[in-house]
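What follows is a single structure, written as structure tokens, with notes after it.
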Amino acid sequence: MNDATTAARPVRPVLDVWCELQCPDCHAALEDLRALRERYGDRLEIRLRHFPLAKHKHAYAAAQAAEEAFEQGTGWPYVEAVLARTEELGRRGEKLLLEVAEELELDAEELDTALIDGRHLLTVDADEAEGKAIGVTGTPTYVIGGERLDGGTGQAGLRARIEEITDRLLAEQG
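When you read off a place in the sequence shown, starting at 1, and then add 27, the result is the number in the working numbering.
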């Protein structure tokens, strides 16, 4: 690989989305995330960061399941499908997580094994610890360009602010 080619490639801005898959507010934020993906495509990296809230019994398992879905190449569709059923997740727990995996043609047996063996615990724990360290207290919370935006109290104006920051970061890259 040519080092000059690698050096010339700009680094994409990153939007970290601190999310919890049993959170109705995170479900409401999906429309904004879809719009951001549509507007910026691969010029903006959107990363799911886990912040399971103690008040939601199945959030921690859902975060681990999402990590396994990303491992299997279907992370965002899985996240969106689970968020679309937050209320049902509260009632059905891991059964719903496995059902969604089957619906998306993931290896549900492997997802179940991942929940049992805890292979994604460190990722979820690290996200939660980092979130606490930077002041995340609820979900969704966004971090872009060093700025933290709290969506737990409402989504109004957040997409516009994220777009403003993203546009600035992209302009700075030239």
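All residues carry an ideal CB built from backbone N, CA and C; glycine is no exception. These figures come from a predicted structure and were not determined experimentally.
Assigned secondary structure, residue i (DSSP; H/G/I helix, E/B strand, else coil)
| i | result |
| --- | --- |
| R112 | coil |
| V106 | helix |
| L138 | helix |
| V163 | coil |
| T101 | coil |
| R39 | coil |
| L57 | helix |
| E132 | coil |
| L71 | coil |
Euclidean distance between Cα positions of residue i and residue j
| i | j | result |
| --- | --- | --- |
| I161 | D139 | 32 Å |
| E107 | E129 | 14 Å |
| A96 | P51 | 21 Å |
| G117 | D144 | 22 Å |
| R61 | T101 | 16 Å |
| E114 | G201 | 44 Å |
| R188 | L131 | 33 Å |
| A183 | A55 | 11 Å |
| V41 | D69 | 11 Å |
Residues sharing a beta bridge with residue i, DSSP
| i | result |
| --- | --- |
| I143 | For I143, which the question treats as bridged, DSSP gives no partner whatsoever. |
| H77 | C46 |
| Y169 | V44, L176 |
Beta-carbon gap between residue i and residue j smaller than 7 Å
| i | j | result |
| --- | --- | --- |
| A88 | Y105 | no |
| D43 | R74 | yes |
| L176 | L185 | yes |
| I192 | G173 | no |
| Q209 | L148 | The chain is shown from 28 up to 201; residue 209 falls before or after that span and cannot be answered. |
| D154 | R39 | no |
| L110 | L71 | no |
Proximal residues to residue i (C-beta, below 8 Å), its chain only, five neighbours per side dropped
| i | result |
| --- | --- |
| T166 | W45, C46, E47, C50, D52, C53, F78, L80, G178, G179 |
| R195 | G172 |
Cβ shell of residue i (< 6 Å), same chain only, five flanking positions each side left out
| i | result |
| --- | --- |
| A135 | L125, A128, E129 |
| T83 | According to the sequence shown, residue 83 is His rather than Thr. Here the set comprises Q49. |
| G85 | According to the sequence displayed, residue 85 carries His and not Gly. Here the set comprises Q49, L116, G120. |
| T168 | W45, D177 |
Close Cβ partners of residue i (< 7 Å) along its chain, the five nearest in sequence each way excluded
| i | result |
| --- | --- |
| L142 | A88, Q91, A92, E121 |
| Y67 | T193 |
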